[in-house]
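Per this note's numbering, the very first residue in the sequence shown carries number 1375; after that it's consecutive.
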Amino acid sequence: MSNNNYLLTTKQVCERYKITPTTLFRKINQYQFPRPTFPGRPHQWLKLVLDHFDEQCVEQSLQRLDEKAE
């Protein structure tokens, strides 16, 4: 299995979320985005970590919608 299947670089993460590197690292520093799984140059994230992060975001959004509906 190649690294491209499960590791994403900063550039790939920014493309995935349609944000700039500056925004990405600001979100990391504000604890609004997961830190790189492998810090250094280049920073790399496990795709599974980002997939889990996406799932959590969806769950939180659904909870907020449920709370507003009550």
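The beta carbon of each residue, even a glycine, is placed where N, CA and C say it ideally should be.
So, LEU1381 versus LEU1424, is the Cβ gap smaller than 8 Å? By the CB criterion at 8 Å, LEU1381 and LEU1424 fall outside the cutoff.
Out of curiosity, what's the CA-to-CA distance linking THR1397 and GLU1444? Cα to Cα, THR1397 sits roughly 34 Å from GLU1444.
If we ignore side chains and look at the alpha-carbon of each, how far apart do PRO1410 and PHE1399 end up? About 10 Å.
Same chain, Cβ closer than 6 Å to LEU1439, five either side skipped, listed in chain order: Nothing meets the Cβ criterion.
Contacts around GLN1418, its chain only, beta-carbon distance under 7 Å, and the 5 residues preceding and following it disregarded: Same-chain partners within the cutoff: LEU1381, LEU1382, THR1383, PRO1410, THR1411, PHE1412.
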